[in-house]
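Shown next, in structure tokens, is the structure this report addresses.
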Amino acid sequence: MATTTAPTFPPAAGMDILFTKAQIADRVHALGQQISADYAGKDIVLIGVLKGAAIFLSDLARAITVDATFDFVAVSSYGRARVSSGAVKLIKDIDNPIENKNVILVEDILDTGLTLSYLRGLMLQHKPASLKIATCLDKPSRRLVPIEADYVGFSIPNQFVIGYGMDFAERYRNVDDIRLFPEDTPGH
Ligand code: PRP
């Protein structure tokens with residue numbers, strides 16, 4: 055009979071650091087400058103994908119110097135890896151119209167690509183003037199559908215990471231650097 059193991063939550067302080075707070079801040083600042091240059095003289099709408107993107111969006115937005123408004127969407131979560139059927143369900147839609155707006159979808163991590171592929175299709179139905187994707191982390195080796203981000207913080211191999219918005223069983227989102235979650239943790 056299958057047994058389930060309750061997750062355990064080792065302290066983040068004992069996990070190896072992949073990117074320090076300072077490295078993240080430098081990279082986010084650079085992305086903000088790049089976005090500000092690309093959209094010079096224009097307004098943008100940053101659409102964050104809850105919950106993971108909340109921290110990255112708040113830092114990225116403050117590194118951007120063009121006028122920006124925020125919106126948020128939420129999709130059903132199957133954990134870090136989406137089911138292979140590609141089933142992603144919208145739980146919370148945008149609050150404001152984006153027709154003729156310059157939109158950037160903001161994610162913490164681009165993994166199989168199923169979430170952003172679904173959201174991109176959904177957002178395009180609203181006929182924005184432009185639609186780009188910004189992600190803090192990219193795991194290209196995990197992709198199940200062809201999709202790339204326009205702005206990438208860091209590209210990483212297939213490692214399970216926590217911190218800077220990213221969770222394990224909803225924990226660790228407030229860890230201020232990005233750390234490697236130990237593979238041998240019960241419940242992982
Ligand atoms: C994570 C992440 C992305 C998605 C990426 O969300 O925030 O939304 O997975 O994976 P994909 O490219 O394979 O679709 P998660 O379901 O962990 O929810 P969270 O944002 O609330 O942590």
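Residue numbers for the sequence shown follow my numbering, beginning at 55 and rising by one.
Glycine residues also receive a C-beta, built at the ideal position from the N, C-alpha and C atoms.
What you are looking at is a predicted structure, and each value in this text was computed from that prediction instead of being measured.
The beta strand (DSSP E) with Gly86 in it runs from where to where?
-> Numbered from 1 along the sequence shown, position 32 holds the residue referred to as residue 86. Here Gly86 belongs to no beta strand (DSSP E); instead the alpha helix (DSSP H) covers Lys75 to Asp92.
Could you give the DSSP three-state label for Arg116: helix, strand or coil?
-> As a working note, residue 116 is residue 62 in the sequence shown. Arg116 falls in the helix class under three-state DSSP.
Work out the CA separation of Gln213 and Cys190 for me, nearest whole Å.
-> As a first step, residue 190 is located in the sequence shown; it is residue number 136 there, counting from the start. As a first step, residue 213 is located in the sequence shown; it is residue number 159 there, counting from the start. Here the alpha carbons of Gln213 and Cys190 stand approximately 14 Å from one another.
Have a look at Pro200, Pro240, Arg196 and Ile187 and flag the residue whose alpha-carbon is nearest the alpha-carbon of Ala107.
-> Along the sequence shown, read from residue 1 onward, the residue named residue 107 stands at position 53. Considering only alpha carbons, the answer is Ile187.
Are there 16 or more other CB atoms within 10 angstroms of the CB of Ala67, so buried, or fewer, so exposed?
-> Position 13 of the sequence shown holds residue 67. In summary, Ala67 is exposed, with fewer than 16 beta-carbon neighbours lying within 10 Å of its beta-carbon over all protein chains present.
Could you tell me which of Ser171, Arg174 and Thr166 sits nearest to Asp192, measuring between CA atoms?
-> Here residue 192 is taken as the residue at index 138 of the sequence shown, counted from 1. Of the candidates Ser171, Arg174 and Thr166, the one whose C-alpha sits nearest the C-alpha of Asp192 is Thr166.
Thr189: first and last residue of the uninterrupted beta strand (DSSP E) it sits in = Within the sequence shown, residue 189 is the residue found at index 135, counting from 1. DSSP places Thr189 inside the beta strand (DSSP E), whose first and last residues are Ser184 to Asp192.
So is Lys155 buried or exposed if we call it buried at 16+ other beta carbons inside 10 Å?
-> The residue labelled residue 155 in the question sits at position 101 within the sequence shown. Classification of Lys155: buried, given that the 10 Å Cβ count is 16 or more.
N-terminal and C-terminal residue of the alpha helix (DSSP H) that Arg174 is part of = As a working note, residue 174 is residue 120 in the sequence shown. That run of the alpha helix (DSSP H) goes Leu168 to Leu178.
Same chain only: Cβ atoms within 8 Å of Asp147, ignoring 5 sequence neighbours per side | If you number the sequence shown from 1, residue 147 lands on position 93. The residues Val127, in chain order, have a CB closer than 8 Å to that of Asp147 in the same chain once the five nearest residues on each side in sequence are set aside.
Check whether the Cβ of Gly217 lies closer than 7 Å to any heavy atom of ligand 1, and answer yes or no.
-> To locate residue 217, count along the sequence shown from 1; it is residue 163. It does not: the Cβ of Gly217 is nowhere closer than 7 Å to a heavy atom of ligand 1.
When burial is assigned at 16 or more other CB atoms within 10 Å of the CB, is Ser209 buried or exposed?
-> What you label residue 209 is simply residue 155 of the sequence shown in a count that begins at 1. By the 10 Å Cβ count, Ser209 comes out exposed.
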